[in-house]
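Chemist: Mind looking over this structure? Questions follow.
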Amino acid sequence: MMINSAPSSSEDDENKMEIAMEHLELGQQKNSTTTHLMNLPGELFAQVDQYLTLEESHHFKMADERIEFALHKNFHMYDKLFLSDDDSECRISDTTGRVPNRTFKGDNTPQIIKMLPNLKEITMIIKDVNLRRKRSKTPPNAISDCTPYSQGGYLTQLFKHISPAELKIRQLSVHVDIMIESLENVFLQCPTEDLKYAMDNLVAAQFSSFVQISICCAQIRASDDFARNFLLQGMQYALKQSAEVGAKTEFVVEPCEGYVDMTVEKGQLEYTFAFFYYNPTICDPTPEDAQPVVPLLTNYYF
(Lines of atoms letter the chains of each structure in order from A and count residues from 1; the text may use other names and numbers.)
(Lines give C-alpha, C1' and ligand atoms only; values in the text may rest on other atoms or scores of the structure.)
Protein backbone atom coordinates (compact mmCIF):
# COMPACT_ATOMS: atom_id res chain seq x y z
CA MET A 1 0.00 0.00 0.00
CA MET A 2 1.49 3.33 -1.07
CA ILE A 3 1.03 6.47 1.00
CA ASN A 4 1.39 9.80 -0.75
CA SER A 5 3.63 12.05 1.26
CA ALA A 6 2.79 15.72 1.80
CA PRO A 7 4.72 18.15 -0.43
CA SER A 8 7.83 19.56 1.15
CA SER A 9 8.10 23.21 2.17
CA SER A 10 10.47 23.97 -0.74
CA GLU A 11 8.01 22.47 -3.28
CA ASP A 12 5.26 24.53 -1.75
CA ASP A 13 7.26 27.69 -2.15
CA GLU A 14 8.09 26.86 -5.77
CA ASN A 15 4.39 26.33 -6.59
CA LYS A 16 3.47 29.64 -5.01
CA MET A 17 6.22 31.35 -6.94
CA GLU A 18 5.00 29.92 -10.26
CA ILE A 19 1.43 31.06 -9.54
CA ALA A 20 2.66 34.53 -8.61
CA MET A 21 4.68 34.78 -11.83
CA GLU A 22 1.66 33.74 -13.92
CA HIS A 23 -0.46 36.46 -12.30
CA LEU A 24 2.31 38.99 -12.88
CA GLU A 25 2.58 38.07 -16.57
CA LEU A 26 -1.21 38.29 -17.01
CA GLY A 27 -1.23 41.66 -15.28
CA GLN A 28 1.56 42.93 -17.51
CA GLN A 29 -0.31 41.72 -20.61
CA LYS A 30 -3.49 43.43 -19.41
CA ASN A 31 -1.67 46.68 -18.64
CA SER A 32 0.03 46.54 -22.03
CA THR A 33 -3.32 46.00 -23.79
CA THR A 34 -4.91 48.85 -21.82
CA THR A 35 -1.96 51.13 -22.64
CA HIS A 36 -2.24 50.36 -26.36
CA LEU A 37 -6.01 50.88 -26.20
CA MET A 38 -5.62 54.25 -24.55
CA ASN A 39 -3.19 55.33 -27.27
CA LEU A 40 -5.87 54.96 -29.96
CA PRO A 41 -7.36 58.17 -31.41
CA GLY A 42 -10.70 59.19 -29.91
CA GLU A 43 -12.34 58.94 -33.35
CA LEU A 44 -11.68 55.19 -33.36
CA PHE A 45 -13.53 54.78 -30.05
CA ALA A 46 -16.53 56.43 -31.65
CA GLN A 47 -16.28 54.09 -34.66
CA VAL A 48 -16.06 50.99 -32.46
CA ASP A 49 -19.06 52.19 -30.46
CA GLN A 50 -21.30 52.12 -33.54
CA TYR A 51 -21.10 48.30 -33.61
CA LEU A 52 -22.09 47.85 -29.96
CA THR A 53 -25.49 47.49 -28.35
CA LEU A 54 -26.46 50.32 -26.04
CA GLU A 55 -25.70 48.17 -23.01
CA GLU A 56 -22.24 47.31 -24.38
CA SER A 57 -21.69 50.94 -25.22
CA HIS A 58 -22.48 51.93 -21.65
CA HIS A 59 -19.89 49.49 -20.25
CA PHE A 60 -17.36 50.57 -22.88
CA LYS A 61 -17.86 54.20 -21.91
CA MET A 62 -17.42 53.45 -18.22
CA ALA A 63 -14.07 51.68 -18.82
CA ASP A 64 -12.07 54.92 -18.97
CA GLU A 65 -12.63 58.68 -18.82
CA ARG A 66 -11.01 59.13 -22.22
CA ILE A 67 -13.45 56.69 -23.81
CA GLU A 68 -16.37 58.36 -22.04
CA PHE A 69 -15.29 61.74 -23.42
CA ALA A 70 -14.86 60.31 -26.94
CA LEU A 71 -18.35 58.74 -26.91
CA HIS A 72 -20.13 61.63 -25.25
CA LYS A 73 -21.39 63.13 -28.51
CA ASN A 74 -22.44 59.76 -29.95
CA PHE A 75 -25.78 60.02 -28.14
CA HIS A 76 -26.52 63.70 -28.75
CA MET A 77 -28.38 63.07 -32.02
CA TYR A 78 -30.88 60.57 -30.63
CA ASP A 79 -34.16 62.29 -29.77
CA LYS A 80 -36.75 59.46 -29.72
CA LEU A 81 -37.02 56.25 -27.70
CA PHE A 82 -39.31 53.31 -28.56
CA LEU A 83 -40.17 50.92 -25.75
CA SER A 84 -42.02 47.64 -26.25
CA ASP A 85 -42.86 44.38 -24.50
CA ASP A 86 -40.78 42.82 -27.30
CA ASP A 87 -37.07 43.56 -26.78
CA SER A 88 -36.39 43.31 -30.50
CA GLU A 89 -38.51 46.45 -30.99
CA CYS A 90 -36.88 48.55 -28.24
CA ARG A 91 -34.69 51.17 -29.90
CA ILE A 92 -33.58 54.78 -30.00
CA SER A 93 -33.71 56.84 -33.16
CA ASP A 94 -32.77 60.19 -34.65
CA THR A 95 -35.89 61.65 -36.26
CA THR A 96 -33.74 63.55 -38.76
CA GLY A 97 -32.05 60.33 -39.93
CA ARG A 98 -28.46 61.42 -39.28
CA VAL A 99 -27.53 58.23 -37.38
CA PRO A 100 -28.88 54.65 -37.51
CA ASN A 101 -31.26 53.21 -34.92
CA ARG A 102 -29.78 51.37 -31.96
CA THR A 103 -31.45 48.62 -29.95
CA PHE A 104 -31.54 47.93 -26.23
CA LYS A 105 -33.23 45.69 -23.68
CA GLY A 106 -36.46 47.06 -22.26
CA ASP A 107 -35.41 46.43 -18.65
CA ASN A 108 -32.56 48.93 -19.11
CA THR A 109 -34.81 51.81 -20.16
CA PRO A 110 -34.06 54.13 -17.18
CA GLN A 111 -30.29 53.88 -17.80
CA ILE A 112 -30.77 54.43 -21.54
CA ILE A 113 -32.89 57.54 -20.93
CA LYS A 114 -30.11 59.03 -18.81
CA MET A 115 -27.63 58.48 -21.68
CA LEU A 116 -29.66 60.64 -24.10
CA PRO A 117 -29.22 64.36 -23.33
CA ASN A 118 -31.46 65.50 -26.23
CA LEU A 119 -34.29 62.98 -25.83
CA LYS A 120 -37.60 64.61 -26.79
CA GLU A 121 -40.11 61.80 -27.16
CA ILE A 122 -40.80 58.41 -25.54
CA THR A 123 -43.25 56.00 -27.17
CA MET A 124 -44.32 52.76 -25.50
CA ILE A 125 -46.14 50.19 -27.64
CA ILE A 126 -47.56 47.07 -25.96
CA LYS A 127 -49.17 44.29 -28.00
CA ASP A 128 -48.58 40.90 -26.36
CA VAL A 129 -50.85 41.01 -23.30
CA ASN A 130 -52.36 37.99 -21.58
CA LEU A 131 -55.43 39.09 -19.62
CA ARG A 132 -55.86 35.58 -18.25
CA ARG A 133 -52.54 35.80 -16.41
CA LYS A 134 -52.99 35.54 -12.65
CA ARG A 135 -53.16 38.99 -11.14
CA SER A 136 -50.53 39.74 -8.50
CA LYS A 137 -50.85 42.15 -5.60
CA THR A 138 -47.30 43.37 -6.20
CA PRO A 139 -45.91 45.22 -9.26
CA PRO A 140 -44.41 42.93 -11.95
CA ASN A 141 -40.67 42.77 -12.50
CA ALA A 142 -40.74 43.71 -16.19
CA ILE A 143 -42.96 45.47 -18.71
CA SER A 144 -43.45 42.16 -20.56
CA ASP A 145 -45.08 40.77 -17.39
CA CYS A 146 -47.47 43.71 -17.13
CA THR A 147 -51.16 44.01 -17.95
CA PRO A 148 -53.40 47.09 -17.66
CA TYR A 149 -54.53 45.63 -14.32
CA SER A 150 -51.06 45.18 -12.81
CA GLN A 151 -50.40 47.33 -9.75
CA GLY A 152 -49.32 50.76 -10.94
CA GLY A 153 -49.83 49.79 -14.59
CA TYR A 154 -47.25 50.36 -17.31
CA LEU A 155 -46.35 53.85 -16.15
CA THR A 156 -45.10 52.57 -12.80
CA GLN A 157 -42.80 50.19 -14.67
CA LEU A 158 -41.49 53.01 -16.85
CA PHE A 159 -40.80 55.29 -13.90
CA LYS A 160 -39.59 52.60 -11.51
CA HIS A 161 -36.00 53.90 -11.49
CA ILE A 162 -36.46 57.40 -12.87
CA SER A 163 -38.79 60.19 -11.81
CA PRO A 164 -41.03 62.05 -14.30
CA ALA A 165 -39.40 65.23 -12.97
CA GLU A 166 -36.04 64.04 -14.33
CA LEU A 167 -37.34 63.85 -17.91
CA LYS A 168 -36.64 66.80 -20.22
CA ILE A 169 -38.82 65.44 -23.02
CA ARG A 170 -41.73 67.04 -24.88
CA GLN A 171 -44.05 64.04 -25.17
CA LEU A 172 -44.78 60.63 -23.67
CA SER A 173 -47.10 58.24 -25.55
CA VAL A 174 -48.32 54.87 -24.28
CA HIS A 175 -50.30 52.57 -26.60
CA VAL A 176 -51.62 49.26 -25.27
CA ASP A 177 -53.48 47.19 -27.88
CA ILE A 178 -55.07 43.99 -26.60
CA MET A 179 -56.83 41.32 -28.66
CA ILE A 180 -58.98 38.66 -26.97
CA GLU A 181 -60.96 35.85 -28.57
CA SER A 182 -64.06 36.25 -26.42
CA LEU A 183 -65.23 37.51 -23.04
CA GLU A 184 -65.52 33.94 -21.80
CA ASN A 185 -63.24 33.32 -18.80
CA VAL A 186 -61.93 36.90 -18.97
CA PHE A 187 -62.70 39.13 -15.99
CA LEU A 188 -62.94 42.44 -17.82
CA GLN A 189 -62.72 45.61 -15.74
CA CYS A 190 -62.15 49.22 -16.67
CA PRO A 191 -58.33 49.56 -16.42
CA THR A 192 -57.53 52.42 -14.03
CA GLU A 193 -54.01 51.67 -12.77
CA ASP A 194 -52.29 53.84 -15.39
CA LEU A 195 -55.00 56.47 -15.03
CA LYS A 196 -54.39 56.71 -11.28
CA TYR A 197 -50.64 57.00 -11.72
CA ALA A 198 -51.00 59.59 -14.46
CA MET A 199 -53.49 61.71 -12.49
CA ASP A 200 -51.14 61.72 -9.50
CA ASN A 201 -47.84 62.26 -11.33
CA LEU A 202 -48.24 63.50 -14.91
CA VAL A 203 -50.97 66.15 -14.86
CA ALA A 204 -48.48 68.89 -13.95
CA ALA A 205 -45.44 67.38 -15.70
CA GLN A 206 -43.20 69.44 -17.99
CA PHE A 207 -44.21 67.21 -20.91
CA SER A 208 -47.51 66.11 -22.41
CA SER A 209 -48.68 62.53 -21.84
CA PHE A 210 -51.03 60.48 -23.98
CA VAL A 211 -52.13 57.06 -22.69
CA GLN A 212 -54.32 54.87 -24.91
CA ILE A 213 -55.54 51.41 -23.92
CA SER A 214 -57.82 49.41 -26.21
CA ILE A 215 -59.32 45.94 -25.99
CA CYS A 216 -60.68 44.29 -29.13
CA CYS A 217 -62.85 41.19 -28.81
CA ALA A 218 -63.00 38.83 -31.79
CA GLN A 219 -66.34 37.16 -30.99
CA ILE A 220 -69.64 38.53 -29.75
CA ARG A 221 -71.96 36.29 -27.77
CA ALA A 222 -75.30 36.70 -26.05
CA SER A 223 -73.62 35.76 -22.78
CA ASP A 224 -71.41 38.88 -23.03
CA ASP A 225 -74.14 41.11 -21.58
CA PHE A 226 -73.11 40.84 -17.93
CA ALA A 227 -69.39 41.28 -18.59
CA ARG A 228 -70.00 44.20 -20.95
CA ASN A 229 -72.35 45.96 -18.53
CA PHE A 230 -69.89 45.46 -15.69
CA LEU A 231 -67.22 47.10 -17.86
CA LEU A 232 -69.50 50.05 -18.71
CA GLN A 233 -70.27 50.62 -15.04
CA GLY A 234 -66.56 50.63 -14.21
CA MET A 235 -65.88 53.16 -16.95
CA GLN A 236 -68.62 55.46 -15.67
CA TYR A 237 -67.28 55.22 -12.13
CA ALA A 238 -63.74 56.07 -13.28
CA LEU A 239 -65.07 59.08 -15.19
CA LYS A 240 -67.08 60.24 -12.16
CA GLN A 241 -64.00 60.08 -9.93
CA SER A 242 -61.89 61.94 -12.50
CA ALA A 243 -64.51 64.67 -12.93
CA GLU A 244 -64.62 65.19 -9.16
CA VAL A 245 -60.95 66.25 -9.22
CA GLY A 246 -61.41 68.67 -12.08
CA ALA A 247 -60.76 66.54 -15.16
CA LYS A 248 -62.64 66.94 -18.41
CA THR A 249 -64.35 63.66 -19.30
CA GLU A 250 -66.11 62.13 -22.27
CA PHE A 251 -68.05 58.88 -22.65
CA VAL A 252 -69.01 57.49 -26.07
CA VAL A 253 -71.22 54.45 -26.71
CA GLU A 254 -71.96 53.31 -30.26
CA PRO A 255 -74.27 50.26 -29.98
CA CYS A 256 -74.45 49.72 -33.73
CA GLU A 257 -70.70 49.24 -33.92
CA GLY A 258 -70.22 47.42 -30.62
CA TYR A 259 -67.94 50.24 -29.50
CA VAL A 260 -67.47 52.18 -26.26
CA ASP A 261 -64.73 54.53 -25.13
CA MET A 262 -63.87 57.02 -22.40
CA THR A 263 -61.53 59.99 -22.33
CA VAL A 264 -60.03 61.86 -19.39
CA GLU A 265 -58.16 65.13 -19.87
CA LYS A 266 -56.46 67.22 -17.25
CA GLY A 267 -53.41 69.46 -17.47
CA GLN A 268 -50.73 67.71 -19.50
CA LEU A 269 -52.57 64.37 -19.53
CA GLU A 270 -54.95 62.72 -21.98
CA TYR A 271 -56.06 59.18 -21.13
CA THR A 272 -58.36 57.05 -23.27
CA PHE A 273 -59.75 53.54 -22.95
CA ALA A 274 -61.82 51.77 -25.59
CA PHE A 275 -63.53 48.40 -25.86
CA PHE A 276 -64.91 47.17 -29.17
CA TYR A 277 -65.75 44.05 -31.14
CA TYR A 278 -63.83 43.15 -34.24
CA ASN A 279 -65.93 44.21 -37.22
CA PRO A 280 -64.95 42.62 -40.55
CA THR A 281 -67.28 45.01 -42.44
CA ILE A 282 -64.98 47.83 -41.34
CA CYS A 283 -61.61 46.08 -41.27
CA ASP A 284 -62.18 43.94 -44.39
CA PRO A 285 -63.98 45.65 -47.30
CA THR A 286 -67.10 43.76 -48.42
CA PRO A 287 -69.77 44.34 -51.08
CA GLU A 288 -72.24 47.12 -50.29
CA ASP A 289 -75.13 44.69 -49.95
CA ALA A 290 -73.34 42.54 -47.38
CA GLN A 291 -75.21 42.14 -44.11
CA PRO A 292 -73.68 43.72 -40.96
CA VAL A 293 -71.77 41.18 -38.90
CA VAL A 294 -71.75 43.03 -35.57
CA PRO A 295 -75.24 42.91 -33.98
CA LEU A 296 -76.82 45.87 -32.24
CA LEU A 297 -75.82 46.09 -28.59
CA THR A 298 -79.22 46.72 -27.12
CA ASN A 299 -78.78 45.01 -23.78
CA TYR A 300 -76.73 47.53 -21.84
CA TYR A 301 -77.62 49.97 -19.06
CA PHE A 302 -76.16 53.09 -17.47
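In the working numbering, the protein residues as written are -18 to 283.
Positions of the beta carbon are idealized from the N, C-alpha and C atoms, including for glycine.
Cβ of residue 247 within 9 angstroms of Cβ of residue 229?
Modeler: Going by C-beta atoms, residue 247 is nearer than 9 angstroms to residue 229.
Chemist: Going by Cα to Cα distance, which pick from 52, 47, 20, 43 is closest to residue 29?
Modeler: Out of 52, 47, 20, 43, 52 has the C-alpha closest to the C-alpha of residue 29.
Chemist: Is it the case that the Cβ atoms of residue 194 and residue 123 are separated by a distance below 9 angstroms?
Modeler: No. Outside cutoff.
Chemist: Which runs of the beta strand (DSSP E), 3 residues or longer, sit entirely within the segment 32 to 70?
Modeler: Taking only runs of at least 3 residues, the beta strand (DSSP E) segments lying wholly in the segment 32 to 70 are 61 to 65.
Chemist: Does the beta-carbon of residue 34 have 16 or more other beta-carbons within 10 angstroms, so that it is buried, or is it exposed?
Modeler: So residue 34 counts as exposed.
Chemist: How would you call residue 140, buried or exposed, if buried means at least 16 neighbouring beta carbons within 10 angstroms?
Modeler: Buried, by the Cβ-count rule.
Chemist: Three-state secondary structure (DSSP) at residue 247?
Modeler: Three-state result, residue 247: strand.
Chemist: Once the 5 residues before and after residue 65 are set aside, which same chain residues still bring their CB inside 6 angstroms of it?
Modeler: Around residue 65: 71, 106.
Chemist: Using CA atoms only, rank isn't needed, just tell me which of 32, 127, 99, 131 is closest to residue 284.
Modeler: Nothing can be reported for residue 284, as the shown portion of the chain is limited to -18 through 283.
Chemist: Assuming residue 137 is part of the alpha helix (DSSP H), what are its boundary residues?
Modeler: Run containing residue 137: 134 to 139, per the alpha helix (DSSP H) assignment.
Chemist: In the DSSP assignment, the alpha helix (DSSP H) including residue 24 goes from what residue to what residue?
Modeler: It spans 23 to 30 - the alpha helix (DSSP H) in which residue 24 sits, taken as one unbroken run.
Chemist: Taking the alpha-carbon positions, what's the residue 142 to residue 126 distance?
Modeler: Computed Cα separation, rounded: 17 angstroms.
Chemist: If you follow the beta strand (DSSP E) that residue 72 is in, where does it begin and where does it stop?
Modeler: Looking at the DSSP string, the run of the beta strand (DSSP E) that includes residue 72 is 72 to 74.
Chemist: Using the Cα positions of residue 181 and residue 225, report the straight-line distance between them to the nearest angstrom.
Modeler: Going from the Cα of residue 181 to the Cα of residue 225 covers about 14 angstroms.
Chemist: Give me the residue from 48, 235, 32 with the minimum Cα distance to residue 80.
Modeler: Residue 32 is the option with its Cα nearest to residue 80.
Chemist: Is the beta carbon of residue 191 closer than 9 angstroms to that of residue 138?
Modeler: Not in contact: residue 138 and residue 191 (Cβ atoms no closer than 9 angstroms).
Chemist: Verify whether the separation of the beta carbon atoms of residue 199 and residue 238 is less than 9 angstroms.
Modeler: Contact: no.
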